[in-house]
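Colleague: Under our numbering, residues 812 to 963 are what the sequence shown spells out, in order. Provided herewith is a single structure, encoded as structure tokens, for subsequent inquiry.
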Amino acid sequence: MTNALKTAYDSVIAPLWRRPRRIQLAALCTRGSGQGREVLLITSRDTGRWVLPKGWPIDGLDAAGAALREAWEEAGVKDANINREPLGIYAYDKRLEGGLAVGVDVTVFEAEVTKLVDDFPEADERTRKWVAPSEAAHMVDEPELQALLRQM
Numbered sequence: 812m813t814n815a816l817k818t819a820y821d822s823v824i825a826p827l828w829r830r831p832r833r834i835q836l837a838a839l840c841t842r843g844s845g846q847g848r849e850v851l852l853i854t855s856r857d858t859g860r861w862v863l864p865k866g867w868p869i870d871g872l873d874a875a876g877a878a879l880r881e882a883w884e885e886a887g888v889k890d891a892n893i894n895r896e897p898l899g900i901y902a903y904d905k906r907l908e909g910g911l912a913v914g915v916d917v918t919v920f921e922a923e924v925t926k927l928v929d930d931f932p933e934a935d936e937r938t939r940k941w942v943a944p945s946e947a948a949h950m951v952d953e954p955e956l957q958a959l960l961r962q963m
């Protein structure tokens, strides 16, 4: 491919095929303090990789409320004190049904867990694990999420 053709493709054709970035909301669930502080990771349903509880915005809930709802459905967080100011944002590519990938920006809210239960909607589909933030940073794939975890 010539430089002129590549430039034309990159500036005109490629943007037509790209899907707009989507938004998800995540709960960074924590317990303890100081050196004993831990974060809760769960496995994704499709690939089994370690992730935060997260999902799409929910009608009738603000962003932090939607993140907390996802923490309940995906991880069994029954009660938590959630900070309504975002902790940060990270990006990843989500594979949709049919194999298409779409870019997603995830806004993260810190939630101090006060009650965790074993009976929750996705209990049979996920594994959950409490780990130190530094260990969590090694377990997740997304570089920006790794950086957020290292800052804790």
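Here a beta-carbon is modelled for each residue, glycine too, at the ideal position from N, C-alpha and C.
Classify Ala837 as helix, strand or coil using the three-state DSSP reduction.
Modeller: As a working note, residue 837 is residue 26 in the sequence shown. Three-state result, Ala837: strand.
Colleague: What number of angstroms, rounded off, separates the C-alpha of Glu936 from the C-alpha of Ser855?
Modeller: Within the sequence shown, numbered from 1, the residue matching residue 936 stands at position 125. Within the sequence shown, numbered from 1, the residue matching residue 855 stands at position 44. Each residue's alpha carbon lies about 8 Å from the other.
Colleague: Looking at Ala882: is its Cβ nearer than 8 Å to the Cβ of Cys840?
Modeller: Counted from its first residue, the sequence shown places residue 882 at position 71. Counted from its first residue, the sequence shown places residue 840 at position 29. In contact: Ala882 and Cys840 (Cβ atoms closer than 8 Å).
Colleague: Whole angstroms are fine: how far does the CA of Ala837 sit from the CA of Leu851?
Modeller: Position 40 of the sequence shown, counted from the start, is the residue given in the question as residue 851. Position 26 of the sequence shown, counted from the start, is the residue given in the question as residue 837. Leu851 and Ala837: Cα-Cα distance of roughly 12 Å.
Colleague: Which whole runs of the beta strand (DSSP E) in the region 872–950 are 3 residues long or more, in chain order?
Modeller: Fully enclosed beta strand (DSSP E) runs of 3 or longer: 888–893, 899–906, 912–927, 939–942.
Colleague: In this structure, does DSSP put Gly866 in helix, strand or coil?
Modeller: Within the sequence shown, the letter at position 55 stands for residue 866. Correct three-state label for Gly866: strand.
Colleague: Assign Thr858 to buried or exposed, taking buried as 16 or more other Cβ atoms, counted over all protein chains shown, within 10 Å of its Cβ.
Modeller: Here residue 858 is taken as the residue at index 47 of the sequence shown, counted from 1. Flag for Thr858 reads exposed.
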